[in-house]
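Take a look at the structure set out below.
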Amino acid sequence: MTATLAELAEVAGEAPELAAAPELSDVAAALPRGELVLFPTREQYLPACTALKARSFVMCADLCAVDYLGHLDRELPEGVQPERFEVVLSLLSMEMARRVRARVQVGESDPRLPSLFDLYPGTEAMEREAFDMFGIRFEGHPDLTRILMPEDWEGHPLRKDFSHGRVPVQFKEAPGPR
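For the sequence shown, our numbering gives the first residue as 60, with consecutive numbering after it.
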């Protein structure tokens with residue numbers, strides 16, 4: 060079932076405490092396999108995460124990026140425009156023993172999102188990895204530098220259109236037969 064979070068709370072009885080937050084009421088939402096998934100726009104992303112943290116979702120378990128090059132026809136809630144990149148965020152509420160996932164569409168022509176570092180300091184390395192591997196910029200990040208690849212590396216290796224060249228292998232002189 061897909062709808063706004065407010066509609067989902069009313070129809071399915073899911074997450075009424077979250078739908079009461081004005082920052083979350085208009086966010087597209089779905090219940091695939093019984094898990095609440097929010098689809099905030101880039102503009103809704105930081106306010107939605109702030110509202111979730113205020114409602115006891117205090118732990119960011121994961122933040123990663125996905126490249127959907129060639130799969131823009133994937134299933135998304137009505138009104139959510141598919142983009143090439145998607146940032147996926149998994150938040151936990153230990154108090155409510157619940158998980159919320161957020162999937163934010165990020166365009167290829169302007170791959171940027173606000174950083175969650177001030178809200179969830181544990182996202183520092185995860186945002187750097189998404190930047191390094193996919194080229195998604197997190198505005199306001201305290202140290203948005205490469206974390207896995209050398210600083211002089213050109214490109215972003217997990218983009219599906221990244222050309223994986225060949226690195227010549229150099230062998231030392233092997234001992235001959237005896």
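Virtual Cβ for every residue (Gly too), placed ideally from N, Cα, C.
- Query: Does the pairing of the region 153–162 with the region 181–195 give three or more beta-carbon distances under 8 Å?
  - Reply: Not touching, per the Cβ criterion.
- Query: Does the count of Cβ pairs from the region 104–117 and the region 137–144 closer than 8 Å reach three?
  - Reply: Judged by Cβ distances under 8 Å, the region 104–117 makes no contact with the region 137–144, as fewer than three pairs qualify.
- Item | For P118, the residue or residues it bridges with in DSSP | Residue 118 sits at position 59 when you count from the first residue of the sequence shown. Per the sequence presented here, residue 118 reads as Met, with Pro not at that position. M118 pairs with L151.
- Item | Per DSSP, the bridge partner or partners of L207 | Along the sequence shown, one-based indexing puts residue 207 at 148. L207 is not bridged to any residue.
- Where do the N-terminal and C-terminal ends of the alpha helix (DSSP H) with F197 fall, by residue? Translated into the one-based positions of the sequence shown, residue 197 becomes position 138. Not the alpha helix (DSSP H): F197 falls in the beta strand (DSSP E), residues 196–198.
- To the nearest whole angstrom, what separates the beta carbons of A161 and L148, a pair I think is in contact under 8 Å? For the purposes of this step, residue 161 is taken as the residue at position 102 of the sequence shown. For the purposes of this step, residue 148 is taken as the residue at position 89 of the sequence shown. Indeed, because the Cβ distance is near 4 Å, the residues count as touching under 8 Å.
- Query: Once you ignore the five residues that flank H200 on each side, which residues in its own chain have a CB closer than 7 Å to its CB?
  - Reply: By 1-based counting over the sequence shown, the position of residue 200 is 141. Taken in chain order, the residues that qualify are S174, F176, E186.
- Test item: CB-CB of D35 and L217 under 8 Å: The first residue shown for the chain is 60 and the last is 237, placing residue 35 beyond what the model contains.
- Query: Taking just the CA atoms, how far does P136 sit from L90?
  - Reply: Locating residue 90 in the sequence shown gives position 31, where the first residue counts as 1. Locating residue 136 in the sequence shown gives position 77, where the first residue counts as 1. Taking the straight line joining both Cα atoms gives about 10 Å.
- Message: Checking 8 Å against the spacing of the C-beta atoms, do V159 and A87 come in under that value?
- Response: As a working mapping, residue 159 is identified with position 100 in the sequence shown. As a working mapping, residue 87 is identified with position 28 in the sequence shown. No, the pair does not count as a contact, with Cβ atoms beyond the cut-off.
- Item | L122 beta carbon less than 8 Å from that of T182 | The count along the sequence shown starts at 1 and reaches residue 182 at position 123. The count along the sequence shown starts at 1 and reaches residue 122 at position 63. Contact check for T182 against L122 passes: the beta carbons are separated by less than 8 Å.
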